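These protein sequence lines are chains W, S and Y, in that order. Here the first sequence is numbered in the numbering used here, starting from 1 and rising by one per residue. Here the second sequence is numbered in the numbering used here, starting from 1001 and rising by one per residue. Here the third sequence is numbered in the numbering used here, starting from 2001 and rising by one per residue. C-beta atoms are modelled at their ideal positions from N, C-alpha and C, and glycine is treated no differently. Computed from a predicted model, the values in this text were never measured in an experiment. Report on the following structure.
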Amino acid sequence: MAYQTLLQYRTPGRGTSSITGDISDAVADSGIETGLCHVFIHHTSASLILCENADPTVRSDLETFMVRLVPDGDPMFEHMDEGPDDMAAHVRSILTKMDLTIPVTNGRLALGTWQGVYLWEHRHHGHHRKVTVTVTE
Amino acid sequence: MAYQTLLQYRTPGRGTSSITGDISDAVADSGIETGLCHVFIHHTSASLILCENADPTVRSDLETFMVRLVPDGDPMFEHMDEGPDDMAAHVRSILTKMDLTIPVTNGRLALGTWQGVYLWEHRHHGHHRKVTVTVTE
Amino acid sequence: MAYQTLLQYRTPGRGTSSITGDISDAVADSGIETGLCHVFIHHTSASLILCENADPTVRSDLETFMVRLVPDGDPMFEHMDEGPDDMAAHVRSILTKMDLTIPVTNGRLALGTWQGVYLWEHRHHGHHRKVTVTVTE
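Here's what the structure looks like:
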């Protein structure tokens, strides 16, 4: 029987925020010992990633890389209804994905030592973001 | 007990097609109330994405971006057995992924308001594509 | 009830290695007939992909593409603690992902004819890599 819970965040604008603690808490609340923890963000301009959790320059470098790969306001984009970061945010989300699944082992989220779960806001302004966590056995 | 069904598509060539309705129907047929819906494409030159579902220019801009990121017939590619879009299609599929998992909540596919599920054909010619949907609880 | 097993690899340095046989064996060992097989790598500088399994130039072209997309030692990167491939390996892993889910059908891993599962080492030196396989029904 699956356990499911909804998490809600107010992002401060473009950038990554750790949500590892909340996901670990959901696994603990589920009472499931061996299974899968699925994390899903219900938006198309924010994504979920696993990233190195020790040195913050990894995440700032990642942002720098993505700014170069998918430039805001690129003249090739037609879809600019909500500003120059609108279409870039959609492309960034598709390249980094909105779903993520992590094993549950001995009742805990089985991340590697250096792995953290991050919500990546791709819009410049802060947004209200919904994340569903589902734990199955 | 998992529910599983096979969907089959004839794509019209390169581009994205909504398959949200078929995935939602599979969830309804499963009778599962709370769980996960996994979608998988059994190919290496087509992929599955979640994308904004309201303005078609989002998907045409996405195509334009990908054409620039992974140019057909790039001289760095050796693998061109099936033409200039052959290796590009493999790279595009790996960057956008062949598997996707979405929560099931209250018996329904729990997509965000603006999220749709799209099959992305990366070859210029149409192909027969198989997609397996698995719903677990 | 989920089945779970840990696989361990010693990679020979940057490049892709097939792990399809080991994943298929885990599915057979699980005894599960219909469900999902989840594969997870517990690191942030190696990833898991589905790739064409017939012509090895597909994987060498993929490597060539990634070297151009995410250059080692790119001057825009600050995080270089472990050398010029350090930050590049993190970016490559995030773009190609650390988790993968494949359907299980009739007791077997339901890959397409041309799909193989590959562990992609992104560091130049070989590393010890842990992969957890979870099979659910």
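>> Determine whether the beta carbon atoms of glutamate 82/W and arginine 14/W lie at a separation below 8 Å.
In response: no
> Which whole-angstrom value is the C-beta distance of arginine 123/W and aspartate 85/W, which I expect to be below 8 Å?
Replying inline: 6 Å
> By how many angstroms is the C-alpha of leucine 2048/Y removed from the C-alpha of leucine 2100/Y?
Replying inline: 7 Å
>> Just to confirm my understanding: we take valine 135/W, look at its own chain, exclude 5 residues before and 5 after, and list those with CB closer than 8 Å. What are they?
In response: Ala2, Tyr3, Gln4, Ala26, Val27, Ser30, Ile32, Gly35, Leu36, Cys37, His38 and Val104.
> If we call anything under 8 Å between Cβ atoms a contact, is threonine 1064/S one with methionine 66/W?
Replying inline: no
> In three-state terms, what does DSSP make of proline 2056/Y?
Replying inline: helix
>> Extract the residue ranges of the beta strand (DSSP E) inside the segment 2029-2098 of chain Y, only unbroken runs of 3 or more that lie entirely within it.
In response: 2035-2041 and 2046-2052
> Would you call glutamine 1115/S buried or exposed, if buried means 16 or more other Cβ atoms sit within 10 Å of its Cβ?
Replying inline: buried
> Out of curiosity, what's the CA-to-CA distance linking leucine 2069/Y and aspartate 74/W?
Replying inline: 18 Å
> With a CB to CB cut of under 6 Å and the five nearest residues on each side skipped, what residues in its chain are close to threonine 1016/S?
Replying inline: Arg1059, Tyr1118 and Trp1120
>> Comparing C-alpha positions only, which one of Ala89/W, Leu50/W and Leu109/W sits nearest to valine 2091/Y?
In response: Leu50/W
> Taking the C-alpha atoms as reference points, what is the distance between leucine 1095/S and leucine 1111/S?
Replying inline: Spanning the two alpha carbons is a distance of roughly 22 Å.
>> Suppose you measure from the CA of leucine 1109/S to the CA of proline 2056/Y; what does that come to, to the nearest Å?
In response: 38 Å
> With 8 Å set as the bound, which would you pick, yes or no: does the beta-carbon of glutamate 1137/S sit closer than that to a beta-carbon of chain C?
Replying inline: The chain labelled as chain C is not found among the protein chains of the depicted structure, namely W, S and Y.
> How about methionine 2098/Y and methionine 2087/Y: do their beta carbons lie closer than 8 Å?
Replying inline: no
>> Looking at isoleucine 2019/Y: is its Cβ nearer than 8 Å to the Cβ of phenylalanine 1040/S?
In response: no
> What does DSSP give as the partner residues of histidine 1128/S in its beta bridges?
Replying inline: Arg1010/S
>> Assuming the contact rule is C-beta atoms closer than 8 Å, glutamate 2078/Y and aspartate 61/W should be a hit. Round their C-beta distance to whole Å, please.
In response: 6 Å
> So, is the C-beta of valine 1067/S closer than 8 Å to a C-beta in chain Y?
Replying inline: So no, valine 1067/S is outside the interface.
>> Between Asp1022/S, Gly1126/S, Glu1052/S and Asn1053/S, which has its C-alpha nearest serine 1045/S's C-alpha?
In response: Gly1126/S
> Count the other CB atoms within 10 Å of the CB of asparagine 1106/S; is the residue buried (16 or more) or exposed (fewer)?
Replying inline: exposed
> Closer than 7 Å, Cβ to any Cβ of chain Y: which residues of the segment 21-54 of chain W, in chain order?
Replying inline: Thr34, Gly35, Leu36, Ile49, Leu50, Cys51 and Glu52
> Going along chain S in order, which residues have a C-beta closer than 7 Å to the C-beta of isoleucine 94/W?
Replying inline: Within chain S, the residues near isoleucine 94/W are Ile1049, Cys1051, Leu1062 and Thr1096.
> Do you know offhand how far threonine 132/W's Cα is from leucine 7/W's?
Replying inline: 6 Å
> Going by DSSP, what residues sit across from threonine 136/W in a beta bridge?
Replying inline: Leu36/W
> Apart from the five residues on each side of it in sequence, which residues of its chain come closer than 7 Å, Cβ to Cβ, to arginine 1010/S?
Replying inline: Gly1126 and His1128
>> In the DSSP output, what is asparagine 2015/Y paired with across the bridge?
In response: Position check: residue 2015/Y holds glycine in this sequence, whereas asparagine was assumed. In the DSSP output, where bridge partners are listed per residue, glycine 2015/Y has Glu2121/Y.
> Which of the residues in the segment 2003-2020 of chain Y, read from start to end, lie with their CB under 7 Å from any CB of chain S?
Replying inline: none
>> Please report the distance separating the alpha-carbon of threonine 2113/Y from that of alanine 1054/S.
In response: 35 Å
> So which residues of chain S does valine 117/W contact, with C-beta pairs closer than 8 Å?
Replying inline: Near valine 117/W there are no residues of chain S at all, since even the closest Cβ is about 15 Å away, more than 8 Å.
> Going along chain W, which residues have a C-beta under 7 Å from valine 2091/Y?
Replying inline: Leu62 and Phe65
>> I'd like the list of long-range same chain contacts for glutamate 1052/S, defined as Cβ closer than 7 Å, with 5 residues on each side in sequence excluded.
In response: Val1058 and Trp1114
> Run through DSSP, which three-state label would glycine 2021/Y get?
Replying inline: Helix.
> Using a Cβ-Cβ cut-off of 8 Å (strictly less than) and excluding sequence neighbours within five positions of serine 24/W, which residues of its own chain qualify?
Replying inline: Arg108 and Leu109
> Looking only at its own chain, which residues have a Cβ that is under 6 Å from the Cβ of proline 1012/S, when we skip the five neighbours before and after it?
Replying inline: So the list reads Gly1126, once near-sequence residues are dropped.
>> Using beta carbons (cut-off 8 Å, strictly below), is glycine 1099/S in contact with chain Y?
In response: According to the sequence shown, residue 1099/S is aspartate rather than glycine. So yes, aspartate 1099/S belongs to the interface.
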